[in-house]
Amino acid sequence: ARRMAVKIDEHLADNEYMAAGRFSIADITLYVTCGFCRVMKWAPHKELANLGRWHEAMTARGFAG
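Positions 568 to 632 (my numbering) are the ones given, in order, by the sequence shown.
Spelled out as structure tokens, the structure:
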């Protein structure tokens with residue numbers, strides 16, 4: 568899971584969204600996954616800068632949180 572989180576963080580270094588250059592179900596899925604990580608006592612969006620920036624932007628959208 569950590570390796571995948573790093574890959575996602577690398578992707579988000581150059582991309583605002585997860586897929587297609589726009590907000591999509593991929594962003595919603597990742598946002599929910601970050602929430603599920605709390606069960607594992609892990610917050611990848613707090614460890615990885617780009618994922619953290621993306622998570623803040625998704626939270627600000629108000630679709631979840």
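We put the beta carbon where it would ideally sit given N, CA and C, even for glycine.
Under DSSP, the alpha helix (DSSP H) around residue i begins and ends at which residues?
| i | result |
| --- | --- |
| residue 570 | 569 to 581 |
| residue 590 | Taken as a continuous stretch (DSSP letters only), residue 590 belongs to no alpha helix (DSSP H), as it is neither H nor E. |
| residue 613 | 611 to 614 |
Evaluate residue i with the Cβ neighbour count: other Cβ atoms within 10 Å of its Cβ, from every protein chain shown; 16 or more gives buried, anything less gives exposed.
| i | result |
| --- | --- |
| residue 607 | exposed |
Would you call the CB atoms of residue i and residue j closer than 8 Å?
| i | j | result |
| --- | --- | --- |
| residue 572 | residue 615 | yes |
Nearest chain B C-beta to residue i closer than 8 Å, yes or no?
| i | result |
| --- | --- |
| residue 595 | In the structure shown, chain B does not exist; there is a single protein chain. |
Ignore the nearest five residues each way along the sequence and tell me which others in residue i's own chain have a CB closer than 7 Å to its CB.
| i | result |
| --- | --- |
| residue 617 | 576, 579 and 580 |
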